[in-house]
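Only one structure is covered here, and it is reproduced in the block below.
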Amino acid sequence: MNPDERERVIVRTSIIGIVANVLLVAFKAVVGLASNSIAIVLDAVNNLTDALSSVITIIGAKLAGKRANRAHPLGYGRYEYLSALVIVAIVLYAGITSLIESVRKIIEPELADYSAVTLIVVAAAVVVKIVLGRYVSAKGKQVGSGSLVASGKDALFDAAISASVLAAALIYLATGVSLEAYVGVLISIVIVKAGIDMLRETLDDILGSRPDPDLAKGVKRTVCADPEVLGAYDLLLDSYGPDLTVGAVHVEVPDTMTAAEIDTMTRRVQAAVYEEHRIALATVGIYSRNTTDNAVVEMLSEITRVVMAHDEVLQMHGFYTDVANKRASFDVIIDFAAKDREGLYRQIVGEVQALYPDYEFTIALDRDLSD
Numbered sequence: 001m002n003p004d005e006r007e008r009v010i011v012r013t014s015i016i017g018i019v020a021n022v023l024l025v026a027f028k029a030v031v032g033l034a035s036n037s038i039a040i041v042l043d044a045v046n047n048l049t050d051a052l053s054s055v056i057t058i059i060g061a062k063l064a065g066k067r068a069n070r071a072h073p074l075g076y077g078r079y080e081y082l083s084a085l086v087i088v089a090i091v092l093y094a095g096i097t098s099l100i101e102s103v104r105k106i107i108e109p110e111l112a113d114y115s116a117v118t119l120i121v122v123a124a125a126v127v128v129k130i131v132l133g134r135y136v137s138a139k140g141k142q143v144g145s146g147s148l149v150a151s152g153k154d155a156l157f158d159a160a161i162s163a164s165v166l167a168a169a170l171i172y173l174a175t176g177v178s179l180e181a182y183v184g185v186l187i188s189i190v191i192v193k194a195g196i197d198m199l200r201e202t203l204d205d206i207l208g209s210r211p212d213p214d215l216a217k218g219v220k221r222t223v224c225a226d227p228e229v230l231g232a233y234d235l236l237l238d239s240y241g242p243d244l245t246v247g248a249v250h251v252e253v254p255d256t257m258t259a260a261e262i263d264t265m266t267r268r269v270q271a272a273v274y275e276e277h278r279i280a281l282a283t284v285g286i287y288s289r290n291t292t293d294n295a296v297v298e299m300l301s302e303i304t305r306v307v308m309a310h311d312e313v314l315q316m317h318g319f320y321t322d323v324a325n326k327r328a329s330f331d332v333i334i335d336f337a338a339k340d341r342e343g344l345y346r347q348i349v350g351e352v353q354a355l356y357p358d359y360e361f362t363i364a365l366d367r368d369l370s371d
């Protein structure tokens with residue numbers, strides 16, 4: 001789906017959500033105030049935040065859809081992350097203020113007066129939210145919009161909240177026990193938790209996070225499927241919005257390849273990764289593997305044994321030896337959970353140097369970027 005069509009789907013779906021939520025706000029606010037029900041009023045507030053979230057989603061989609069230019073050559077896709085932060089602020093504000101009001105109602109209780117109309121409106125709201133939630137989630141998955149998927153899930157949460165309000169009303173009518181304020185506290189906590197979860201996800205998008213393991217393994221499989229590639233390492237993926245993920249990877253190739261052959265292989269790998277995963281590999285770095293000297297193979301085996309003997313070492317790769325000049329290099333990945341990564345790195349350098357004292361080693365402490 002092209003970006004313009006994606007934007008149209010997001011806007012159209014968001015408008016449907018806005019209309020549905022505004023109608024629910026109007027009905028719930030009227031019946032909530034008329035029946036003196038804090039739970040129904042807070043449910044209306046929750047729907048209002050959903051409507052505002054949809055408005056901001058539209059604004060974010062419009063801004064993110066701006067075409068790349070000289071100032072921003074990778075486009076404006078990250079505007080969607082900023083719009084998500086605004087939504088988080090609205091949700092958290094609504095949740096916290098609702099919680100304060102609900103606690104006040106527990107301290108100073110006021111009895112609600114439910115009518116048949118009240119119950120019908122709340123029951124209808126449950127049905128509307130279930131249908132809306134499923135529709136919005138489906139559209140979000142169709143166009144790859146995290147905002148729409150989140151809105152769909154939120155609508156399903158709202159259905160559960162409205163159902164709890166309805167249950168509280170029925171319990172009150174049947175037993176005379178009022179759970180109004182307590183349901184209001186429950187609603188508020190759900191809203192705050194949703195806001196915190198959204199904040200965590202949005203901050204991950206902004207700060208950058210470890211790629212999905214299945215995606216990372218899939219990209220590496222695609223790279224390694226090339227007949228000239230002996231291994232793929234150091235995969236780095238950086239998202240510039242839902243429509244643009246830029247990546248970099250190192251590949252190991254035979255030391256007998258020419259620059260022309262490497263250039264052809266690189267372009268082939270970039271095309272394959274984009275075709276299968278829609279990821280633009282901006283950089284394909286090269287590790288050269290010794291393939292013509294058996295003594296180097298034995299040297300690699302010995303060094304691998306020493307390095308990988310440490311439990312906190314996850315991987316070593318990129319090994320290459322310049323036998324004529326007595327130089328060797330490789331990268332080592334040490335677990336982020338290691339108590340002293342730098343200390344372990346220095347220990348490994350010392351052990352390897354002691355194993356082959358006549359060689360000059362360049363050992364890079366690499367990051368554990370992806371699975």
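If you read the sequence shown in this note's numbering, its first letter stands for residue 1, the second for the next number, and so on.
Yeah, the Cβ is synthetic: ideal placement off N, Cα and C, and Gly gets one too.
*For E360, the residue or residues it bridges with in DSSP*: R327
*Would you call the region 186–200 and the region 91–103 in contact, with 3 or more CB pairs under 8 angstroms?*
yes
*With which residues is M316 paired in a DSSP beta bridge?*
V332
_Length of the line joining the Cα atoms of T256 and T321_ = 14 angstroms
*When burial is assigned at 16 or more other CB atoms within 10 Å of the CB, is F27 buried or exposed?*
buried
_Report the start-end ranges of each beta strand (DSSP E) in the region 182–259 that is 3 residues or longer and not cut off at the edges._
231–239 and 245–254
*asked:* Taking the alpha carbon of S288 as the reference point, which residue from T304, E276, E275 and H250 has its own alpha carbon closest?
replied: H250
_Helix, strand or coil for A71? Go by DSSP, reduced to three states._
coil
_Simplified DSSP assignment, three categories, for Y35_ = Strictly speaking, residue 35 in this sequence is Ser, with Tyr absent from that position. Looking at S35 - three-state DSSP - the assignment turns out to be helix.
*Which of the three DSSP states, helix, strand or coil, is assigned to S288?*
strand
*Element boundaries [alpha helix (DSSP H), containing K105]*: Y79 to I107
*Straight-line CA distance for E275 to D204?*
26 angstroms
_Assess contact between the region 238–247 and the region 308–323, defined as three or more Cβ pairs (one per stretch) separated by less than 8 angstroms. Is contact present?_
no
*Measure the beta-carbon distance from I334 to L314 and round it to whole angstroms, keeping in mind my assumption that it falls under 8 angstroms.*
7 angstroms
*Going by CA-CA distance only, name the one from D43, V131 and A29 that's closest to I16.*
V131
*Taking V91 as the reference, give the member of Y114, K193 and A271 with the closest Cα.*
K193
*asked:* If we define contact as Cβ-Cβ less than 8 angstroms, is P109 a contact residue for chain B?
replied: Here chain B cannot be found, since the structure has a single protein chain.
*Out of curiosity, what's the CA-to-CA distance linking A168 and S35?*
13 angstroms
*asked:* Is L207 a contact residue of the ligand ADP, with contact defined as CB to any heavy atom under 7 angstroms?
replied: Judged by which ligands are present, the structure shown has none, so any question about the ligand ADP falls away.
*Is it the case that the Cβ atoms of T57 and K139 are separated by a distance below 8 angstroms?*
no
_Burial state of E108 (16 or more Cβ within 10 Å)_ = exposed
*Quick one, are the C-beta atoms of G318 and D331 less than 8 angstroms apart?*
yes
*Selection from S239, G95 and I161 that minimises the alpha carbon distance to G75*: S239
*asked:* I need the straight-line Cα distance from H277 to K326, nearest angstrom please.
replied: 41 angstroms
*Taking only the alpha-carbon atoms, compute the straight-line gap between A373 and K217 and give it to the nearest angstrom.*
Within the shown structure, residues of the chain are numbered from 1 to 371, placing residue 373 beyond reach of any answer.
_Inter-residue CB distance, M265 and E228 (contact presumed, cutoff 8 angstroms)_ = 4 angstroms
*Kindly list the residues whose CB is nearer than 6 angstroms to the CB of Y172, restricted to its own chain and excluding five residues on each side of it in sequence; keep chain order.*
S178
*Beta-carbon proximity check, L369 vs Y345, cutoff 8 angstroms*: no
*Spell out a yes or no on whether the region 122–130 and the region 145–165 are touching, meaning 3 or more CB-CB pairs, one atom from each, closer than 8 angstroms.*
yes
*Coil, strand or helix - A309 by DSSP*: coil
_Residue of V284, A150 and I59 minimising C-alpha distance to C224_ = V284
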